[in-house]
Amino acid sequence: MLHIGTKHVDITDGFWKKRQDINKDITVKAVQNRFLETGRFDAFDFTNEKIAHIFYDSDVAKWIEGVSFILHKERNSELEAFIDRIVDLIEKNRSDDGYYNSHFLRKPEERWQHRSDHELYCAGHLMEAAVQYYKATGKDKFLKLMEDYADYIYKVFITEKSAAFKTPGHEEIELALVKMYDTTGKKKYLELSKHFIDRRGVEEEPWIGSNYNRYNTQDFLPVRQQRTAEGHAVRASYLYSGMADIAYRYKDKELLAACKAIFSNIVNKRMYITGGTGSSYLGEAYTLDYDLPNTKGYAETCAAIALAFFAQRMLLSDADSVYADTVERIIYNGMLSGVSLDGKAFFYENPLEIQPVLNNRNVATTLTERNAVTQRKEVFGCSCCPPNVIRFIGAINEYIYSYNKDTLFINQFISSNLEYENIRAEISTEFPNCGKVYIKVSGINKVAVRKPYWCKYLKLVINDVRSKYSSKKGYIYINLPKGQNRIRLEMDITPRLVYSNPKVYDNSHKTAVMRGPVVYCAEAVDNDFPLNNIVFGKELNYKTVKSDQLDAYMLDVDIKIPQSIDDLYTFTPFKYRKKTLRMIPYYCFANRGETEMRVWL
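Following the working numbering, the numbering of the sequence shown begins with 400 at its first residue and continues without gaps.
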């Protein structure tokens, strides 16, 4: 199977057209301005006395890549000139051997000496940016510079073995090298990616810091023997994405089996209902099965994006809807919550519960506990998430359609047009706000449409005739006559109560609400009563209310809450009173000031 790229897909209307327009018109410039203010772009100009931070190259590279996805659809001479200047500075300041790193070119004696210092990570992001900029504009200078860099890295790590470490401390270059191979056709880049994956965990390497161990960097075992998601959640899913790439291209069954086991461990035991991963801020890491705390959970925006990368690649080798289901869970929840509705501010972490009172509970001391940030910020000291959001939203086109021999797969329900070889497809929908999806297809006689995991009832109409269907691994396979065909899906997006596995300690006796793929939460700004001790009925009684402020559908749900009492403890059972609980999509939370928020109620 192959995924059909941005070049062939236009998003035309609806939910994601709005988000892509905000991304293009507001977010790109907002992040650019913050990066200018914080010296990230200046890092490429070596006339500055200040030496760049070790990962500034990656922040800028992700911004360039995000802009490049936008340039695919709408060229912008101002942005291109800005990027071209950065490329010129890379060409001017790089070493004769092709090496480029804004930090270590100013400390040449430390080149390839510190596994923890993101050299290969930054290189990988620069390569991804170069590939996408070339695809968008046809300009090949950046790509050729990165070819020289990749050739040099191959020499250092395979030919000479001259670096002080064998594998990246922060994985990322593995998947980037595959993109370099796909774009240039140079097999050595694929071999280098495979080399880094094959070597990982084979022997003990320098740790990335005194407080971490080999689990944090996923090298506690050779990758083919790993079966659980461990350590830093972003590093992990970048590695797993590279593993899935190599398994697919080399038809490596052993590596694919490891990927499947790890993916299953994530989605069945270590993933939040929002698609977030990483349960602890300590190491920004996975912890234990079913350890999914709500207030202390981390769920970094980049980790959600990285898991979507992993899921998307797994779909290439295994036509199972669990992968596209996971992408859907992420894009409507744990990724989208990472950016404000106006596109200007970001969350680094995305907890499922916020209690602002916890920030003020230690009245007898000046010491403070660590709690999740309650409001988004425009820039961070470690500002990896903002440009990652830009590139991910810019690339949503690539998550809609896949193609396998004679079958067009429809993975996401996003209004779009597809032109690929002789295949033409058009999707029209107001999803996720409505469950009706209209599809027109020509040039192919077999279509596979995903039946979402949350969908209890689905009606299928083909060329105005209601059709029976069966599904295989979550996809409905439809044989079509020649010519243009019309498919209509009517999916039930009635809000539903969701129950957590009892092993998730934080969710004991709690319930969540989903409407289609969208997870809902409650904020105190909408409700004049405490958000704990809420009791839902056996059936969800609700009204749907459109919010112009949030540009989203809210739910007014019938609930019961305990009547207030004066006693701290009592032998008398609580009496309950009826109330209406207002709920909003999780991705909308924290857009109306600091307030309490809960997903699990």
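Built from N, CA and C at the ideal position, the CB exists for glycine as well.
- His-471 counts as buried, since no fewer than 16 other beta carbons sit within 10 angstroms of its beta carbon.
- DSSP places Lys-937 in the coil class of the three-state scheme, outside both helix and strand.
- Collapsing the DSSP output to three states places Phe-746 in coil.
- When DSSP states are grouped into helix, strand and coil, Phe-808 belongs to the strand group.
- The C-beta separation of Lys-850 from Gly-873 comes to about 6 Å, placing the pair in contact by the 8 Å criterion.
- The straight-line gap separating the alpha-carbon atoms of Tyr-898 and Arg-648 is approximately 39 Å.
- Contact check between the segment 661-672 and the segment 624-644: three or more CB pairs, one atom from each, fall below 8 Å, which counts as touching.
- Taking all protein chains shown into account, Cys-920 has 16 or more neighbouring C-beta atoms within 10 Å of its C-beta and is therefore buried.
- Around the beta carbon of Asp-456, 16 or more other beta carbons sit within 10 angstroms, so the residue counts as buried.
- Under the three-state reduction of DSSP, Ile-489 is assigned to helix.
- Residue pairing by DSSP places Met-913 opposite Arg-895, Val-918 in a beta bridge.
- At the C-beta level, Leu-896 and Ile-843 stay beyond 8 Å of one another.
- Using a Cβ distance threshold of 8 Å, Leu-714 and Leu-401 do not count as a contacting pair.
- Assigned with DSSP and collapsed to three states, Val-577 falls in helix.
- Across the set Val-459, Ile-425, Lys-428, Lys-423, the C-alpha of Val-459 shows the shortest separation from the C-alpha of Gly-438.
- Non-local beta-carbon contacts of Tyr-798 in its own chain, meaning distances under 7 Å to residues more than five positions away in sequence, involve Gln-711, Val-726, Asn-810, Gln-811 in chain order.
- Contact check for Phe-708 against Phe-662 fails: the beta carbons are separated by 8 Å or more.
- Ser-640: member of the alpha helix (DSSP H) spanning 632-649, first to last residue.
- With a 10 Å radius around the Cβ and a threshold of 16 neighbouring Cβ atoms, Thr-582 comes out buried.
- When DSSP reads this structure, Ser-841 sits in a beta bridge with Arg-823.
- By the neighbour-count criterion, in which 16 or more other beta carbons inside 10 Å mark a residue as buried, Thr-943 falls on the exposed side.
- Cα atoms of Asn-500 and Asp-863: separation of roughly 59 Å, rounded to the nearest angstrom.
- By a beta-carbon distance limit of 8 Å, Leu-939 contacts Pro-894. Their separation comes to about 6 Å.
- Secondary structure at Asp-966: coil, using DSSP grouped into helix, strand and coil.
- Under a 10 Å Cβ-count criterion, Lys-593 is classified as buried, with 16 or more other Cβ atoms of the shown protein chains found around its own Cβ.
- Assignment of beta-bridge partners to Asp-955 by DSSP yields Lys-942, Arg-981.
- Contact annotation: Gly-465 and Gly-793 have beta-carbon atoms nearer than 8 Å.
- Val-836 counts as buried, since no fewer than 16 other beta carbons sit within 10 angstroms of its beta carbon.
- In terms of Cβ geometry, Pro-692 and Glu-995 do not form a close pair [threshold 8 Å].
- Across the structure, Lys-554 and Ser-561 are spaced so that their CA atoms are roughly 9 Å apart.
- In the DSSP assignment, Glu-818 is bridged to Arg-823.
- Judged by DSSP in its simplified three-state form, Ile-704 adopts helix.
- DSSP, reduced to helix, strand and coil, places Lys-902 outside both helices and strands of the structure shown, so it counts as coil.
- The bridge partners DSSP lists for Lys-871 are Tyr-874.
- Residue burial is scored here from C-beta neighbours: Lys-974 has fewer than 16 other C-beta atoms within 10 angstroms and is therefore classed as exposed.
- For Ser-866, no alpha helix (DSSP H) encloses it; the enclosing beta strand (DSSP E) starts and ends at 864-866.
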